[in-house]
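Participant: Chains A and B, in that order, give the protein sequences. Residues in the first sequence are numbered from 27 upward in steps of one, following this note's numbering. Residues in the second sequence are numbered from 65 upward in steps of one, following this note's numbering. Attaching a single structure in structure tokens format; questions to follow.
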Amino acid sequence: MKVFLSLCALYLRSFYNLPGKRAPGTKPGAKELLKEAGLLLVALLAVANVGFIFVMLNLALYDALAPAGMQGMIILNTAVVVTALTLILGFLTALSTYFLSDMELQLLSMPIKPRALLGAKFVAVYASEAAFSLGLMAVTMVIFGIKEAPGPLFYLWGILASLLLPLPVLALSYLVQIPLLSLARFLRNKQAILVIGGILGVVLAVGFNLYFQSGMAHQADPEWLAKNFAGPDSLIARLGQVYPPAQYAWRAMTAPASASGAAAILAMAIACLAGPALVVALMSGMYAKSLIGFNESHLKKLDAGDARSFIGRRMRSSSAFLSMVKREIRLMNREPIYLLNGPLIIVLMPVIFAVMIIVQRDAFLSDPDMAGIMALLDSGRGALVAGLLGGFLGSGTSIACTSVSRDAKALPFIKSLPVRPADYLLAKLAHALIFGAAGSAVGVGCLAYLAKLGPADIAIGFLVAFGLSSLLNMGGLWLDTASPRLRWDSPMAALKQNPNSVIAILGSMGLMGLLGYLSFTLGLGRAEVALWMGLAPLALFGLLYAAFPRFAARRLAAMET
Amino acid sequence: MIELEGISKTYAKSAVKAVDGLSLKVDNGEIFGFLGPNGAGKTTTIKLLTGVLRADSGSAKVDGIDMAASPLEAKRRIGYVTDNPEIFARLKAAEYLNFVADVYGVDSATRQERIGKYAGLLGIKDVLNASIGSYSHGMKQKLLVTGSLIHDPENWILDEPMVGLDPKSAFSLKEIMRERAASGKLVFFSTHVMEVAEKLCDRLAIINKGKIVFTGTLAELKAREGSDESLESIFLELVDDGEEAAS
Ligand SMILES: Nc1ncnc2c1ncn2[C@@H]1O[C@H](COP(=O)(O)OP(=O)(O)OP(=O)(O)O)[C@@H](O)[C@H]1O
Ligand SMILES: [Mg+2]
Chain A
27 MKVFLSLCAL
37 YLRSFYNLPG
47 KRAPGTKPGA
57 KELLKEAGLL
67 LVALLAVANV
77 GFIFVMLNLA
87 LYDALAPAGM
97 QGMIILNTAV
107 VVTALTLILG
117 FLTALSTYFL
127 SDMELQLLSM
137 PIKPRALLGA
147 KFVAVYASEA
157 AFSLGLMAVT
167 MVIFGIKEAP
177 GPLFYLWGIL
187 ASLLLPLPVL
197 ALSYLVQIPL
207 LSLARFLRNK
217 QAILVIGGIL
227 GVVLAVGFNL
237 YFQSGMAHQA
247 DPEWLAKNFA
257 GPDSLIARLG
267 QVYPPAQYAW
277 RAMTAPASAS
287 GAAAILAMAI
297 ACLAGPALVV
307 ALMSGMYAKS
317 LIGFNESHLK
327 KLDAGDARSF
337 IGRRMRSSSA
347 FLSMVKREIR
357 LMNREPIYLL
367 NGPLIIVLMP
377 VIFAVMIIVQ
387 RDAFLSDPDM
397 AGIMALLDSG
407 RGALVAGLLG
417 GFLGSGTSIA
427 CTSVSRDAKA
437 LPFIKSLPVR
447 PADYLLAKLA
457 HALIFGAAGS
467 AVGVGCLAYL
477 AKLGPADIAI
487 GFLVAFGLSS
497 LLNMGGLWLD
507 TASPRLRWDS
517 PMAALKQNPN
527 SVIAILGSMG
537 LMGLLGYLSF
547 TLGLGRAEVA
557 LWMGLAPLAL
567 FGLLYAAFPR
577 FAARRLAAME
587 T
Chain B
65 MIELEGISKT
75 YAKSAVKAVD
85 GLSLKVDNGE
95 IFGFLGPNGA
105 GKTTTIKLLT
115 GVLRADSGSA
125 KVDGIDMAAS
135 PLEAKRRIGY
145 VTDNPEIFAR
155 LKAAEYLNFV
165 ADVYGVDSAT
175 RQERIGKYAG
185 LLGIKDVLNA
195 SIGSYSHGMK
205 QKLLVTGSLI
215 HDPENWILDE
225 PMVGLDPKSA
235 FSLKEIMRER
245 AASGKLVFFS
255 THVMEVAEKL
265 CDRLAIINKG
275 KIVFTGTLAE
285 LKAREGSDES
295 LESIFLELVD
305 DGEEAAS
């Protein structure tokens, strides 16, 4: 048990980058405290963002359902939403943390029971799931609580239910992944499986998002909402009826003070705890075995003659800057976790959208909203929308805003080389700009095809997309140079658990939204869009670019790794 | 030639001086050994010397060029082997070497010749097309050594280069060190292997708790301590004294 607990602490710490114990005699400086406060603020903003959408949706649902006396349905609705979201989130987290680093091989060599190993990892993944679930359920509890004034037991059951709901789905994730990755040992191709799993996750996430968005679009139409979203015949309600834990949560929370309510929670606890218990009890051995060989790769030896010709063929000089850019691209694209969360976004997003549009073609084209959007695009706003979309794709790759953190291990070596700090960091910017241009082109191209934009709109759209994404990429690089995450155990931490990438994505979404809003309310024409959203960001980019070298040299010199 | 003058470093996240007012001069044509217990400050000193860390006070000069004033000039004259070969696992060895050679501006013919020579001597020529991630610890070490010699630096600085090398490779490495010193170049390395230091080094320095406790030849060390014992026992005594003095 003690082993298990310290393993939990170890995993939690390396997952979520918790600070360890402070060395005696050192005090946190004011700057450090400020940084932590800033991070907290960003995290709160991120939560508030998702939370706001959820609050609005829930309020609308409540108003729609209350007249028919069916307001309890919003609880079932939330339970199903929590289950679905934690399934997606949990599956992805479980997969990406399946093999953290060689540290795990070291753990395997210690007298630790596989059960403790799998159990501790389960707990670490579960921690974020539980927080997420609790957050969503809290929204519903507050709305329901204010409107209906249920007793205190309602809240207790609600908290218990939200802690229990992520358990079975996470167990399911491991139930699928453990055999899958054990089998992959024979295929010796775990990288590919990680990529496939990741793509699957993104598809699920986007699908869910679309479903969610379709609810938001009808916020002003309670009847539609009631019918399609939470009414007894809606998909969610039907899912809830066949999924016992959601069903139990709903029963307990709609009749909190009754015996049947308590019984429902008890049944729920048993149902939800059984899954993880069984998975940990029965599959830990398989899990521990599947970790072995995770770091294997092929090594092919050349014979003497081949080696000589290989050196002659491959050892060729090129410019130092180009060589640095190539290195950046290789290091990013060859790490599956980086590839998936970075550059691949540019390709994945449009593909997923394309598939959805093709699948739901009729629904999309007949949808009155869609018609509205099409009319808008025809009326000359196409360039703007294309530009914003392309700009988002071009800056959504997380390349610039994690570039220093990702390179933390190599920094001592890099700093010993005769390279200007600015050049080293500008190679990172070049990397981001190349993919920024690609993302801009893909985004603008997709919209141009859909909305049949003319050449002028396409050109302006690309100008806007590239201008905005370049500015955002420069900002991201600035951010990660100012405060990189230099200490991590697994490469994933440098990207996914890097506050800078969260700030960058939120910043990008915020900027695109703001610009879209402004240009619509101000009624900007084509030329103005090109000027203010294409050329102005480029000019700003130029200013930042000019100021960057001095800042870069100072920051890089101060970094201690 | 390298010169450290009163150089000090305290890590931002630590309260103790890792290197404390350290001065050291190493001449061309010398093999210089840098000894000291774990955590004494060897790696920190080397990082100050190679421009990886910024000194709080004092100066580091390479061939008379100040590291803080003209870092690029100074760094061009250094070849550095880090103590941590666990970098760039996703690159292929050939890509790594090309990258280093490009950064130092070594032309194609010269890099081919030097890589052929050193990769051959160290026995990694047949795996240059493989990913560094598939290398063993010792193989990675040899790759770093090869990379550090690609521009034929005047000053070669190695942080514990013998760790993890098999006897044959360790012998080759020592041969390369001797060859370079004989041609008037400087070799500076840290080590825990007393025997290597004893047999290989022209001069050595012993560091303890961030301060130099001895610099000179082995004969000078023996004369000063008034003993004719092995380097190992003198080292143990010296470092022990340091501990008592500090407590
Ligand atoms: N990145 C760092 N941050 C904070 N303190 C550090 C860091 N690196 C080293 N130190 C501290 O600086 C001191 C000197 O460490 P250094 O790595 O230079 O020792 P060393 O002589 O190379 O030891 P070893 O023989 O183990 O390699 C130690 O007290 C160590 O704890
Ligand atoms: Mg060291």
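For each residue, glycine too, the CB sits at the ideal point set by N, CA and C. Bear in mind the structure is a predicted one, so any value in this text is a computation, not a measurement.
Under three-state DSSP, which class holds lysine 47 of chain A?
Facilitator: Residue placement at lysine 47 of chain A is poorly supported in this model, since its pLDDT is 48, which falls under 50; the coordinates are not used for a value here.
Participant: Taking only heavy atoms of ligand 2 into account, decide whether any of them is closer than 7 Å to the Cβ of threonine 107 of chain B.
Facilitator: Result yes, Cβ under 7 Å from ligand 2.
Participant: For valine 108 of chain A, does the count of other Cβ atoms within 10 angstroms reach 16, so buried, or fall short, so exposed?
Facilitator: Buried, since its Cβ has 16 or more Cβ neighbours within 10 Å.
Participant: Could you list which residues in chain B have their beta carbon closer than 8 Å to that of glutamate 586 of chain A, in chain order?
Facilitator: Within 8 Å Cβ-Cβ: Tyr75, Ala76, Lys77, Leu117.
Participant: Take valine 209 of chain B as the anchor and find which of B/Ser195, B/Gly197, B/Glu224, B/Ser198 has the nearest alpha-carbon.
Facilitator: Among B/Ser195, B/Gly197, B/Glu224, B/Ser198, the Cα nearest to that of valine 209 of chain B is on B/Glu224.
Participant: DSSP three-state label for alanine 269 of chain B, please.
Facilitator: Strand at alanine 269 of chain B.
Participant: Give a single yes or no on whether aspartate 433 of chain A has its beta carbon closer than 7 Å to a heavy atom of ligand 1.
Facilitator: Because no heavy atom of ligand 1 lies under 7 Å away, the Cβ of aspartate 433 of chain A does not count as near it: no.
Participant: Can you tell me whether valine 81 of chain A sits near ligand 1, meaning its C-beta is under 7 Å from at least one heavy atom of the ligand?
Facilitator: No - ligand 1 has no heavy atom lying nearer than 7 Å to the Cβ of valine 81 of chain A.
Participant: Within the chosen definition, does the region 456-473 of chain A reach the region 536-547 of chain A through at least 3 CB pairs nearer than 8 Å?
Facilitator: Touching, no.
Participant: Comparing C-alpha positions only, which one of B/Glu137, B/Ile71, B/Leu155 sits nearest to valine 191 of chain B?
Facilitator: Out of B/Glu137, B/Ile71, B/Leu155, B/Leu155 has the C-alpha closest to the C-alpha of valine 191 of chain B.
Participant: Taking the CB atoms as reference points, tell me whether threonine 114 of chain B and isoleucine 271 of chain B lie closer together than 8 Å.
Facilitator: The answer is no: Cβ separation not under 8 Å.
Participant: Can you list, in chain order, the residues of its chain with a C-beta nearer than 8 Å to that of glutamine 97 of chain A? Leave out the 5 residues immediately preceding and following it.
Facilitator: Cβ within range, chain order: Tyr88, Leu91, Phe170, Lys173, Glu174.
Participant: Using a threshold of 7 Å, is the CB atom of glutamate 224 of chain B nearer than that to any non-hydrogen atom of ligand 2?
Facilitator: Yes, the Cβ of glutamate 224 of chain B comes within 7 Å of a heavy atom of ligand 2.
Participant: Is it buried or exposed for asparagine 314 of chain B, if we count other Cβ within 10 angstroms and need 16 for buried?
Facilitator: The structure shown does not extend to residue 314 of chain B, since chain B spans only 65 to 311, so no value can be given for it.
Participant: For asparagine 219 of chain B, report the span of its beta strand (DSSP E) as first-last.
Facilitator: First-last of the beta strand (DSSP E) with asparagine 219 of chain B: 219-223.
Participant: Using the Cα positions of glycine 187 of chain B and serine 233 of chain B, report the straight-line distance between them to the nearest angstrom.
Facilitator: If you take the alpha carbons of glycine 187 of chain B and serine 233 of chain B, they lie about 8 Å apart.
Participant: At 4 residues or longer, what runs of the alpha helix (DSSP H) sit wholly inside the region 177-262 of chain B?
Facilitator: Whole alpha helix (DSSP H) segments, 4+ residues: 201-212, 231-246.
Participant: Using a Cβ-Cβ cutoff of less than 6 Å, which residues in the same chain neighbour alanine 283 of chain A once the five nearest sequence positions on both sides are dropped?
Facilitator: Taken in chain order, the residues that qualify are Gly177, Leu179.
Participant: Quick check: tyrosine 633 of chain A and alanine 297 of chain A, are their CB atoms within less than 8 Å of each other?
Facilitator: Given a span of 27 to 587 for chain A in the structure shown, any question on residue 633 of chain A remains unanswerable.
Participant: Could you check whether the Cβ of aspartate 147 of chain B sits closer than 7 Å to any heavy atom belonging to ligand 2?
Facilitator: Correct: aspartate 147 of chain B has its Cβ closer than 7 Å to ligand 2.
Participant: For serine 87 of chain B, does the three-state DSSP call read helix, strand or coil?
Facilitator: Strand at serine 87 of chain B.
Participant: Would DSSP call serine 421 of chain A helix, strand or coil?
Facilitator: Correct three-state label for serine 421 of chain A: helix.
Participant: Using only the alpha-carbon positions, how far apart do glycine 211 of chain B and glutamate 218 of chain B sit?
Facilitator: Each residue's alpha carbon lies about 14 Å from the other.
Participant: Would you say the region 555-574 of chain A touches the region 478-495 of chain A, given that touching needs at least three Cβ pairs under 8 Å?
Facilitator: The answer is yes - the region 478-495 of chain A touches the region 555-574 of chain A, with three or more Cβ pairs under 8 Å.
Participant: Exposed or buried, what is serine 311 of chain B when buried is set at 16 or more other beta-carbons lying within 10 Å of its beta-carbon?
Facilitator: With a pLDDT of 44 at serine 311 of chain B, under the threshold of 50, the modelled position of that residue is not reliable, and the figure given next carries that caveat. With fewer than 16 Cβ atoms within 10 Å of its Cβ, serine 311 of chain B is classed as exposed.
Participant: In terms of alpha-carbon separation, which member of A/Ala142, A/Ile114, A/Thr112, A/Met82 lies closest to tyrosine 37 of chain A?
Facilitator: Cα-wise, what sits closest to tyrosine 37 of chain A is A/Ala142.
Participant: What in chain A is Cβ-close to alanine 133 of chain B, meaning under 7 Å?
Facilitator: Near alanine 133 of chain B there are no residues of chain A at all, since even the closest Cβ is about 13 Å away, more than 7 Å.
Participant: Considering only C-alpha positions, which residue in the set A/Lys315, A/Gly311, A/Ala307, A/Tyr450 is nearest to serine 349 of chain A?
Facilitator: The shortest Cα separation from serine 349 of chain A among A/Lys315, A/Gly311, A/Ala307, A/Tyr450 belongs to A/Tyr450.
Participant: Using the C-alpha atoms, what's the distance from lysine 435 of chain A back to isoleucine 151 of chain B?
Facilitator: Approximately 6 Å between the Cα atoms of the pair.
Participant: Between the region 165-176 of chain B and chain A, which residues of the former have CB atoms less than 8 Å from a CB of the latter, in chain order?
Facilitator: Residues passing the 8 Å Cβ filter: Ala165, Asp166, Val167, Tyr168, Gly169, Val170, Asp171, Ser172, Arg175, Gln176.
Participant: Given a limit of 7 Å on CB to CB distance, which residues of the region 460-487 of chain A reach chain B?
Facilitator: Within the region 460-487 of chain A, no residue has a Cβ that lies closer than 7 Å to any Cβ of chain B.
Participant: Answer yes if the region 147-159 of chain A comes into contact with the region 112-125 of chain A, meaning at least three C-beta pairs across the two stretches below 8 Å, and no otherwise.
Facilitator: They touch, by the three-pair rule.
Participant: If we count the other Cβ atoms within 10 Å of its Cβ and call it buried at 16 or more, is glutamate 159 of chain B buried or exposed?
Facilitator: Buried: at least 16 other Cβ atoms inside 10 Å.
Participant: Pairing CB atoms from the region 429-446 of chain A with CB atoms from the region 468-475 of chain A, are three or more of them under 8 Å?
Facilitator: In short, these stretches do not touch, since the Cβ pair count stays below three.
Participant: Does the Cβ of arginine 353 of chain A have 16 or more other Cβ atoms within 10 Å, making it buried, or fewer, making it exposed?
Facilitator: Buried.
Participant: Where isoleucine 240 of chain B and cysteine 265 of chain B are concerned, what is the direct C-alpha to C-alpha distance, given to the nearest angstrom?
Facilitator: Using only the alpha carbons, I get a separation of about 13 Å.
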